[in-house]
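If you read the sequences in order, they're chains A and B.
Be aware that the first sequence starts at 0, since it is given in numbering that gives the first Met the number 0, and climbs by one per residue.
Be aware that the second sequence starts at 0, since it is given in numbering that gives the first Met the number 0, and climbs by one per residue.
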Amino acid sequence: MDDPYKLLGVERGADDATIQKAYRKLAKLHHPDLNPGKPEAEAKFKEISAAYALLSDPEKRARFDRGEIDAEGTEQAARHFYRDFGDRTGSGKYRSGPSFADEDLESLLREAFGHQARGGFAMRGADMHYTLAVDFIAAAKGAVRRLTLPDGATLDVTIPAGLKDGQVLRLKGKGQPGASGGPAGDALIEITVTPHRFFRREGNDVIIELPVTIQEAVVGAKVRVPTIDGPVNLTIQPHSNSGTRLRLKGRGIAGGHQYVELRIVIPSGEEPELEAFLASWQPKHPSDPRAGMEAAS
Amino acid sequence: MMKLDAIIARFPDLELVELTAWIEHGWIQPAIPPAPDLAPAEWTFDGLDLARVGLVYDLRRCLGVEEEMMPLVLSLLDQVYTLRATLKAMTGALEHQPQEVRAAVLAAMARLKHH
Numbered sequence: 000m001d002d003p004y005k006l007l008g009v010e011r012g013a014d015d016a017t018i019q020k021a022y023r024k025l026a027k028l029h030h031p032d033l034n035p036g037k038p039e040a041e042a043k044f045k046e047i048s049a050a051y052a053l054l055s056d057p058e059k060r061a062r063f064d065r066g067e068i069d070a071e072g073t074e075q076a077a078r079h080f081y082r083d084f085g086d087r088t089g090s091g092k093y094r095s096g097p098s099f100a101d102e103d104l105e106s107l108l109r110e111a112f113g114h115q116a117r118g119g120f121a122m123r124g125a126d127m128h129y130t131l132a133v134d135f136i137a138a139a140k141g142a143v144r145r146l147t148l149p150d151g152a153t154l155d156v157t158i159p160a161g162l163k164d165g166q167v168l169r170l171k172g173k174g175q176p177g178a179s180g181g182p183a184g185d186a187l188i189e190i191t192v193t194p195h196r197f198f199r200r201e202g203n204d205v206i207i208e209l210p211v212t213i214q215e216a217v218v219g220a221k222v223r224v225p226t227i228d229g230p231v232n233l234t235i236q237p238h239s240n241s242g243t244r245l246r247l248k249g250r251g252i253a254g255g256h257q258y259v260e261l262r263i264v265i266p267s268g269e270e271p272e273l274e275a276f277l278a279s280w281q282p283k284h285p286s287d288p289r290a291g292m293e294a295a296s
Numbered sequence: 000m001m002k003l004d005a006i007i008a009r010f011p012d013l014e015l016v017e018l019t020a021w022i023e024h025g026w027i028q029p030a031i032p033p034a035p036d037l038a039p040a041e042w043t044f045d046g047l048d049l050a051r052v053g054l055v056y057d058l059r060r061c062l063g064v065e066e067e068m069m070p071l072v073l074s075l076l077d078q079v080y081t082l083r084a085t086l087k088a089m090t091g092a093l094e095h096q097p098q099e100v101r102a103a104v105l106a107a108m109a110r111l112k113h114h
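See below:
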């Protein structure tokens with residue numbers, strides 16, 4: 000154990016009243032039964048109780064001050080605190096009055112789960128919240144998805160074209176039924192859109208990165224490009240650089256466009272002829288692609 | 000199971016009259032057989048009751064809670080323990096629900112907390 004004076008936060012010469020006051024202040028903070036959710040409170044409480052047991056006994060305190068005994072050996076016997084009785088503490092005979100617990104639990108549940116209210120006046124049913132994951136294409140083009148509710152019922156959810164990730168759909172009257180003639184609540188469905196392997200979205204535009212060969216980039220080509228409505232042909236002009244953005248008009252979401260970003264991919268295997276050619280190649284228009292970067296560094 | 004004298008023996012400066020008064024206030028509720036003329040010596044205490052005596056003893060002796068404050072303190076404490084038990088029951092019930100229900104409840108709770 001640490002220095003009992005330090006534990007209680009008192010001077011070595013403190014009188015009994017000061018020591019008791021310091022102890023009570025700390026004990027109120029750390030008593031385990033006042034802190035059922037804090038396991039560490041018990042060790043702290045035992046520490047300060049042991050310190051107080053030593054300092055509140057004039058004989059022990061004097062011997063400790065003279066250095067005849069150390070702070071150890073004053074631990075109290077093992078004890079079961081009230082909170083250690085777990086389930087039995089909050090139920091049975093020591094539960095706080097029956098009127099409190101029953102009513103409280105019921106209103107809690109009603110609020111949390113939208114259970115039907117008791118009583119005679121009309122009440123609107125609670126809104127129910129659900130989440131639904133749809134894939135990128137379905138969210139872009141629109142679709143119908145069937146949601147199975149916890150009670151086994153199903154709900155057909157129409158996903159409008161162009162729905163964004165995180166958007167919430169409200170299905171009127173599809174929540175909890177109302178009570179005593181009140182209207183039903185709504186079903187609120189939060190949509191998460193799962194990312195696509197190669198499409199991504201910027202507003203209503205669809206972006207795709209398209210790998211092309213050196214040959215296609217330098218001499219031009221006609222290639223097939225996937226769009227959300229199926230593949231289309233795209234002409235790559237000669238001298239197209241990596242990063243060039245080509246537009247496919249009206250191929251995006253709800254009137255948006257699709258943009259194709261070219262990415263030049265060099266051959267992965269050995270290409271002796273290409274290598275030999277490039278090694279001896281004298282560009283007609285020599286240029287340094289890194290010109291202008293020196294000043295910035 | 001313990002009798003009154005065994006309880007008294009556990010606490011150095013606790014008198015029989017004081018413990019009897021605590022029991023009369025309802026702060027501690029030993030099992031009292033339904034015979035009106037039964038002597039307090041026949042009351043029985045289990046581990047929960049003993050721990051409860053320890054709690055009341057700490058509140059009165061160590062923490063210096065005044066006697067007239069005790070009903071308030073115990074009532075608040077019992078409310079905390081009752082709420083914790085309710086919460087635990089709800090958590091336990093939730094654990095046995097399908098993943099969708101648990102997710103929906105957690106999402107609803109997060110929303111309510113932010114409001």
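For glycine and all other residues, C-beta sits at the position ideal for the given N, C-alpha and C.
Between residue 38 of chain B and residue 5 of chain B, what straight-line distance do the alpha-carbon atoms span, to the nearest angstrom? If you number the second sequence from 1, residue 38 of chain B lands on position 39. If you number the second sequence from 1, residue 5 of chain B lands on position 6. Cα to Cα, the separation comes out at about 15 Å.
Partner residues on chain B for residue 92 of chain A, Cβ-Cβ distance less than 8 Å: Locating residue 92 of chain A in the first sequence gives position 93, counting from the first residue. In chain order: 28.
CA-to-CA distance, residue 52 of chain B to residue 45 of chain A, given in whole angstroms: Here residue 45 of chain A refers to the residue found at position 46 when the first sequence is read from its first residue. Here residue 52 of chain B refers to the residue found at position 53 when the second sequence is read from its first residue. So the alpha carbons of these two residues sit roughly 18 Å apart.
Express the C-alpha separation of residue 108 of chain B and residue 63 of chain B in angstroms, rounding to a whole number. For this step, residue 63 of chain B is matched to residue 64 along the second sequence. For this step, residue 108 of chain B is matched to residue 109 along the second sequence. A direct Cα-Cα distance of roughly 39 Å separates residue 63 of chain B from residue 108 of chain B.
Tell me, which residues are paired with residue 129 of chain A by DSSP? Working through the first sequence from its first residue, we reach residue 129 of chain A at position 130. Paired residues: A:188.
In its own chain, which residues sit with a C-beta less than 6 Å from the C-beta of residue 314 of chain A, not counting the 5 before and 5 after it? There is simply no residue 314 of chain A to check, as chain A begins at 0 and stops at 296 in what is shown.
Restricting to Cα atoms, I'd like to know which of A:263, A:11, A:201 and A:87 is closest to residue 215 of chain A. As a first step, residue 215 of chain A is located in the first sequence; it is residue number 216 there, counting from the start. Selected option, being the one with the closest Cα: A:263.
Using a Cβ-Cβ cut-off of less than 7 Å, give me the residues of the stretch 140–171 of chain A that come near chain B, in sequence order. Answer in chain order: 149.
Less than 7 Å between the beta carbons of residue 3 of chain B and residue 50 of chain B, yes or no? Here the question's residue 3 of chain B lines up with position 4 in the second sequence. Here the question's residue 50 of chain B lines up with position 51 in the second sequence. For residue 3 of chain B and residue 50 of chain B, no; Cβs fall outside 7 Å.
Does DSSP classify residue 243 of chain A as helix, strand or coil? Reading the first sequence from its first residue, position 244 is the one you call residue 243 of chain A. Residue 243 of chain A carries a coil assignment under DSSP once its states are collapsed to helix, strand and coil.
Does residue 89 of chain A pass the burial test, meaning 16 or more other C-beta atoms within 10 Å, or should it be called exposed? Taking the first residue of the first sequence as 1, we reach residue 89 of chain A at position 90. Per the 10 Å Cβ criterion, buried.
Are the stretch 50–57 of chain A and the stretch 6–19 of chain A touching, with three or more C-beta to C-beta distances below 8 Å? The stretch 50–57 of chain A makes contact with the stretch 6–19 of chain A, as at least three CB pairs between them are under 8 Å.
First through last residue of the beta strand (DSSP E) which encompasses residue 62 of chain A: Position 63 of the first sequence, counted from the first residue, corresponds to residue 62 of chain A. Counting along the chain, residue 62 of chain A falls outside any beta strand (DSSP E), though it belongs to the alpha helix (DSSP H) covering 57–64.
Beta-carbon proximity list for residue 311 of chain A, same chain, < 7 Å, skipping 5 on both sides: In the structure displayed, chain A extends from 0 to 296; residue 311 of chain A sits before or after that span and is not available.
Give the straight-line distance between the Cα atoms of residue 30 of chain A and residue 15 of chain B, rounded to the nearest whole angstrom. Along the first sequence, one-based indexing puts residue 30 of chain A at 31. Along the second sequence, one-based indexing puts residue 15 of chain B at 16. Across the structure, residue 30 of chain A and residue 15 of chain B are spaced so that their CA atoms are roughly 25 Å apart.
Name, please, each residue of chain B whose Cβ falls closer than 8 Å to the Cβ of residue 80 of chain A. For the purposes of this step, residue 80 of chain A is taken as the residue at position 81 of the first sequence. Under the 8 Å cutoff, chain B gives 50, 53 and 54.
Considering residue 277 of chain A, what are the terminal residues of the beta strand (DSSP E) in which it resides? One-based indexing of the first sequence puts residue 277 of chain A at position 278. For residue 277 of chain A, there is no enclosing beta strand (DSSP E); the enclosing alpha helix (DSSP H) has its first and last residue at 271–279.
Going by the DSSP bridge assignment, what does residue 158 of chain A pair with across the sheet? Along the first sequence, read from residue 1 onward, the residue named residue 158 of chain A stands at position 159. Answer is A:142, bridged to residue 158 of chain A.
Where does residue 233 of chain A fall in DSSP's three states? Here residue 233 of chain A is taken as the residue at index 234 of the first sequence, counted from 1. In the structure shown, residue 233 of chain A sits in a strand (DSSP, three-state: E or B).
Beta carbons nearer than 9 Å to chain A: which residues of the stretch 92–104 of chain B have them? Within the stretch 92–104 of chain B, the residues whose Cβ lies closer than 9 Å to some Cβ of chain A are 96, 97, 99, 100, 102, 103 and 104, listed in chain order.
C-alpha gap between residue 87 of chain A and residue 81 of chain A, whole angstroms: Here residue 87 of chain A refers to the residue found at position 88 when the first sequence is read from its first residue. Here residue 81 of chain A refers to the residue found at position 82 when the first sequence is read from its first residue. The alpha-carbon atoms of residue 87 of chain A and residue 81 of chain A are separated by roughly 10 Å.
Quick one: is residue 49 of chain A near chain B, going by C-beta distance under 7 Å? Taking the first residue of the first sequence as position 1, residue 49 of chain A is located at position 50. So no, residue 49 of chain A is outside the interface.
Straight-line CA distance for residue 301 of chain A to residue 105 of chain B? This structure gives no information on residue 301 of chain A, because the portion of chain A shown stretches from 0 to 296.
DSSP bridge partner residues for residue 212 of chain A (one or two, in chain order): Walking along the first sequence from the start, residue 212 of chain A turns up at place 213. Residue 212 of chain A is bridged to A:264.
For the alpha helix (DSSP H) that contains residue 10 of chain B, what are its first and last residues? Along the second sequence, read from residue 1 onward, the residue named residue 10 of chain B stands at position 11. For residue 10 of chain B, no alpha helix (DSSP H) segment is defined, and its DSSP state is neither H nor E.
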